[in-house]
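Below: one structure, written as structure tokens.
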């Protein structure tokens, strides 16, 4: 019996998982399914579809707190807070363009399960930095609550944060509480042109180390989304403040050349392009997402370009490297060797055929003691191994 | 002794003290093992001083290898371990156990790496919170989380408690500012999490470790994010005739899109105690006093000061002063920062509580607290991290009067239950420890607590690390792991299927 369960409340989720645990029937947990292409392909006979688990439970703009059902579309959540002059400041990326599925899809539960963020990560944190509380169903088929509905709380282990980025392999979130933030009054972008990668990342790191409160720091080398290389820094906030900080950057980065300024619309479009990895959208080349210390970014890319035909651009001040293997090779060994050589980090294969993702370590392999601890944690939440089995690591 | 009971000591372990001592001395040579009762007195309590207990033995390792071997020995020989940093916990997190080894990490006191380009600092866990800022401030940097004990408290302890401080509404708690940890499990295994890069994939064990109150592992190295100091900071001192007016002003500041660097409120008893002590120029004829600090680029701060002044006026403020100099700003803060010792002057003893509430509930909570104060026959003064709803009621009592400590604890428990009742939580930044342990069932169901304890089982199956803290009832891991499955009995007729 291959079934798709579509629960509309937490009790039904609990029933479905209880049944699956009793019958040893693995479940693939999905929202809109927009990120199904991320991670390893799940081997499960049944689907637990949370897209009917929707709705706002409470929203208190003055408290900066929002509680929603996990299957609520992310677009709906963003519209709601936008209408109140607020935003999810972790700026969750939309994998749609890169993975070749419809843009603008996805649920808040999916955003948290993949711990998404965007260019503002370097200032405001990722999804995991904005979760406050969660109601979830463990792989044991038991509902539990953790965290709270206030912005400051250290009562008990921080399970809501720890469940972010677990790709639904520990528990199925049913309701989540998030911290929201005021939306900045304006946004502008400081643009330097024609810099090489080393100079560019040097400029980005200097800006990040200044008091200019930069909320986006990226470098698009020549040929990526345009002809000339662009090194871009985003400033957001009250208009007087943005103008003031633009001048601060002008002074600080004078040796790197004369900047141009992008206004609101051009700035928004540019950062959307960077956030959603649009330079690599539409193709089918293997794409890696590599997280390193910011200053290690250019060196890593240099090492890899010597090994194959690879395109790259940089977000997070140089620390987030998006790599497209234009030669069609996966390059997993070369990428992980280059990481070891440049001080360590994490490389994740985010775009590749399912057959490739089943056979290559999609996420960064872990040392034995850490992998053992992760496996024991999985067993404590999901002893029967029925929640998204194999999504992150084969056999877990 | 007071109301909170610790687990009964293991007679078998007490009887083996000499053998355990010899084994530990073989791992940590010289003065790194303390067993003399007089010397161990220094470790018998933390900042929850109503509770005291001599440990079995104190160990001060100096290397990760020693930490690993001590823990492995304790694991193999069923000896409990209480990790300790600077011992500034307000919730009894570092209270020793009679049958447990106290593992002090204060010899791990070196700054290992300062990387300005990547804004990362690598330190050993015994380095103080302020010590990190001291190491980087010559280049204009600082470490943002600033618990009020920052001169003394260790970064390892900050990890254990997920410490906050005055600035955390804008800059986050410890958990938002940590990049990497090295830790040792009770089995002696050494594990490294994160690095100078962001968001390592795989389970977010950094999140689990931060705020785990010493129950999951012993931290041996920490990498934190540092920030450039804001160009400037200015503060407003705003007085209101009612706490409702003050609360509304806070809500309106946030609704205007302003996240101040700090936003602190004090009630009348706290204002008077502070003013009598440090003469900061606080008005005495107000019910609520708000300090709003705006930090950032000069152009921004000047603009926002004006905005906040307008908002204060619109909310019935009877007293508004803007700091005109750095000296005046420090004076505004002097009273707030001295609030605890100021209260210590008007009362022989006080208990500092730490609940968080939705801010809108503040007037109701203060009113109910006055009723509770009358019922328990004790005074209370309130300081409040107003931006994030974190309330610190200071309960006044005299430990020398029979029954007053018990009354103060009962009053404190009632306040925390009230916080939970209005939608808040038991602790915003001080941790559960032993102090709030027995109140956990007021906030969480049995199933909620069992799932938290299953996390413990993944790290420390024998419950040897800091037992008796955080959880009111200790379940054996074998019992927690049992599943009650009923094969074929769940037709779940209500779930839509396709």
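Protein chains in written order, with our numbering: chain A, 516 to 911; chain B, 25 to 522.
Note that CB positions come from ideal geometry on N, CA and C, so glycine has one too.
Note that the structure is a prediction, hence the values are computed from the model and not measured.
| query | result |
| --- | --- |
| Span of the alpha helix (DSSP H), counted from its first residue to its last, around residue 343/B | From DSSP, residue 343/B is part of no alpha helix (DSSP H) but of the beta strand (DSSP E) over 343-346. |
| Between the CA atoms of residue 188/B and residue 588/A - distance to the nearest angstrom | 32 angstroms |
| Straight-line Cα distance separating residue 675/A from residue 661/A | 6 angstroms |
| Residues of its chain near residue 304/B, where Cβ-Cβ distance is below 6 angstroms and the 5 sequence neighbours each way are ignored | 355, 358, 359 |
| Any C-beta of chain A under 9 angstroms from that of residue 28/B | no |
| Helix, strand or coil at residue 423/B [DSSP, three-state] | coil |
| Residue span of the beta strand (DSSP E) that contains residue 826/A, given as start and end | 825-830 |
| Integer-rounded CB distance, given that residue 716/A should sit under 8 angstroms from residue 722/A | In fact, because the Cβ distance is near 11 angstroms, the residues do not count as touching under 8 angstroms. |
| Where the alpha helix (DSSP H) through residue 894/A begins and ends | 883-896 |
| Neighbour flag for residue 409/B against chain A, beta carbons, 9 angstroms | yes |
| Residue burial classification, residue 507/B (beta-carbon count within 10 angstroms, cutoff 16) | exposed |
| Neighbour list for residue 283/B in chain A, Cβ cutoff strictly below 8 angstroms | 696, 697 |
| CB of residue 596/A within 9 angstroms of CB of residue 695/A, strictly | yes |
| Chain-ordered chain E contacts of residue 481/B [CB-CB under 7 angstroms] | Absence of chain E from the displayed structure is noted, the protein chains being A and B. |
| Nearest-angstrom Cα separation, counted from residue 249/B out to residue 698/A | 24 angstroms |
| Anticipated Cβ contact below 8 angstroms, residue 239/B with residue 480/B, distance rounded | 6 angstroms |
| Reduced DSSP category for residue 589/A - H, G, I as helix; E, B as strand; rest coil | helix |
| 7 angstroms Cβ cut-off: residues of chain B touching residue 649/A | The premise fails here: residue 649/A is roughly 11 angstroms from chain B at the closest Cβ pair, so nothing lies under 7 angstroms. |
| Simplified DSSP state of residue 903/A, which is helix, strand or coil | coil |
| Integer Cβ distance of residue 525/A from residue 650/A, believed to fall under 8 angstroms | 6 angstroms |
| Cut-off 8 angstroms between Cβ atoms - residues of its own chain near residue 31/B, not counting five sequence neighbours on either side | 121, 491, 492, 498 |
| DSSP-derived helix/strand/coil call for residue 132/B | coil |
| Expected contact under 8 angstroms - CB spacing of residue 903/A and residue 557/A to nearest Å | 5 angstroms |
| Host alpha helix (DSSP H) of residue 570/B (start-end) | As shown, chain B starts at 25 and ends at 522. That puts residue 570/B outside it, with no answer to give. |
| Cβ-based burial, residue 515/B [other Cβ within 10 Å; buried from 16] | With a pLDDT of 49 at residue 515/B, under the threshold of 50, the predicted position of this residue should be treated as unreliable, though the coordinate-derived value follows. Exposed is the call here. |
| Between the CA atoms of residue 468/B and residue 657/A - distance to the nearest angstrom | 14 angstroms |
| Best match in 288/B, 133/B, 401/B for proximity to residue 429/B [C-alpha to C-alpha] | 401/B |
| Where residue 213/B meets chain A, residues with beta-carbon distance less than 7 angstroms | 884 |
| Distance between residue 640/A and residue 220/B (C-alpha atoms, nearest Å) | 14 angstroms |
| is_contact[residue 846/A, chain B] using C-beta, thresh 9 angstroms | no |
| Residues within the stretch 792-821 of chain A neighbouring chain B, beta-carbon criterion of under 7 angstroms | 806, 807, 808, 809, 810 |
| Assigned exposure category for residue 309/B - 16 Cβ within 10 Å defines buried | exposed |
| Residue-chain proximity (residue 668/A, chain B), Cβ-Cβ < 9 angstroms | yes |
| Rounded straight-line distance, which links the Cα of residue 808/A to that of residue 859/A | 8 angstroms |
| Local Cβ density within 10 Å of residue 554/A, reported as buried at 16 or more and exposed below that | buried |
| Same chain only: Cβ atoms within 7 angstroms of residue 123/B, ignoring 5 sequence neighbours per side | 33, 34, 37, 38, 80, 104 |
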